[in-house]
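Number of protein chains: 2
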Amino acid sequence: MKKQEIFSAEAEARMNSRGVKPTAVRLLVFSALHMAARPVSVADLEEALQTVDKSTIFRTLTLFLEHHLIHGIEDGSGSVKYELCHGEWDCSVRDMHLHFFCECCHRTFCFRDMPIPEVELPEGFAMHGVNFVIKGLCPECADK
Amino acid sequence: MKKQEIFSAEAEARMNSRGVKPTAVRLLVFSALHMAARPVSVADLEEALQTVDKSTIFRTLTLFLEHHLIHGIEDGSGSVKYELCHGEWDCSVRDMHLHFFCECCHRTFCFRDMPIPEVELPEGFAMHGVNFVIKGLCPECADK
DNA sequence: TTGATTCTGCAACCAGGTTGCAGCGATTTT
DNA sequence: AAAATCGCTGCAACCTGGTTGCAGAATCAA
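In order, the protein sequence lines correspond to chains B and W. Numbered according to this note's numbering, the first sequence spans residues 7 to 150. Numbered according to this note's numbering, the second sequence spans residues 7 to 150.
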């Protein structure tokens, strides 16, 4: 069994466990998300998967979001970025981490090892999600 | 001197001190931002200031942003929200605070007294700004 | 095989954001 | 005061990311 096939099998299992039928296109999208070094936008995926239509990518991402296979990050670039949830069976707030958006090269970095600090909300507010993005310059851009 | 005039004079002084010429329209926009109970979108301002054109509002906000009279919040609603900087002469990261976006009524709340927790970035990353938004249900919507 | 259901691609649409341009008013210069 | 200059504003058009309607293709069940 080749490495690719192993991954594919894992992806399939993951989708099945979340009640998402693993079609060919969905596996492609999942794989592209897995390959990506950083969170990607719909446009990035369109670029990477030239054979797949924008609306299909969009609907696939929506589906993945609903089933907690991925989460979205609003980095302020105007387009939402997506990345696979990496917690094993869950994608809770506690699982979330910090992101960094470079205002120069417009790349978004994941700081996987930097969890979102816990916050105490005022009485009555219920937290469902969280979006914590730092903006500035990445090392490459700061150097110039 | 009426209350309104006093405020107007303050607004003018504020703009002058930041190198922004206080035109009639700009004072209107500034005033609308001041009145608003929470961060507002361009659409909100358009609604509030029916006589002023969308593009003028947009350019005014851009100008205010550049001159640190206001800051923007990406709450994930799709449209950026703006609010006056309330620190006296500055609008630094340290001055920023947490926001809460209600997924039901789509309002954005300011938690003025909850500063953004300090974070230690990896070597080489330079922080210019920060966006920390909690999503969930506000007390009113949670009740239903 | 047939019928029902889901998935996908295409094209069109929508909204927020942005820009080009011309007119207007304020300001400065002569 | 008239002329030249400059910035501010409104209008209309545009762009881009996101979203939807629809019809054909693929999948699944009987």
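Heads up, the beta-carbon is just placed ideally off N, CA and C, and yes, glycines get one too. Remember, predicted model here, so these are calculated numbers, not experimental data.
- Just measuring C-alpha positions, the residue of Asn22/B, Phe131/B and Gly82/B sitting nearest Val136/W is Gly82/B.
- Between Ile63/W and Val35/W the beta-carbon gap is near 6 Å, inside 8 Å, which marks them as a contact.
- In the displayed model, Thr66/B falls within a helix according to three-state DSSP.
- Among the residues of the stretch 100-116 of chain W, those with a Cβ less than 7 Å away from any Cβ of chain B are Leu104, Phe106 and Glu109, in the order of the chain.
- Residue state for Phe131/B is assigned as coil, using DSSP reduced to three classes.
- The contact set of Lys141/W on chain B, defined by CB atoms closer than 9 Å, consists of Met133, His134, Gly135, Val136 and Asn137 in chain order.
- In the three-state DSSP reduction, Lys60/W falls in the helix class (H, G or I).
- In the three-state reduction of the DSSP assignment, Glu18/W falls in the helix class.
- The CB of Glu80/W comes closer than 7 Å to the CB of Glu80 and Gly82 in chain B, given here in chain order.
- The beta carbons of Glu89/B and His73/B sit about 15 Å from each other, so the pair does not count as a contact at 8 Å.
- With respect to Leu127/B, Ile140/W sits close: the two C-beta atoms are nearer than 9 Å.
- Nearest CB-CB separation between Ala148/B and chain W: below the 9 Å threshold.
- If you draw a 10 Å sphere on the C-beta of Cys110/W, you find fewer than 16 other C-beta atoms in it, and that means exposed.
- The bridge partners DSSP lists for Glu80/W come to none.
- Neighbourhood of Gly130/B in chain W, by CB distance below 7 Å: Pro145 and Ala148, in chain order.
- The straight-line gap separating the alpha-carbon atoms of Lys87/W and Val46/W is approximately 5 Å.
- Between the alpha carbons of His112/W and Ala30/B lies a gap of roughly 36 Å.
- Note that the C-beta distance between Cys108/W and Leu69/W is not below 9 Å.
- Residue pairing for Ile140/B: DSSP places it in a beta bridge opposite Phe106/B and Val136/W.
- Check the Cα spacing between Val125/W and each of His105/B, Val58/B, Met21/B and Arg44/B: the tightest is with His105/B.
- When 9 Å is used as the limit between beta carbons, Val125/B is near these residues of chain W: Leu104, Phe117, Met120, Pro123, Phe138 and Ile140, in chain order.
- Between Val58/W and Leu67/W, the CB-CB gap reaches or exceeds 9 Å.
- Where Cys116/B is concerned, the enclosing beta strand (DSSP E) starts and stops at Thr114 to Pro121.
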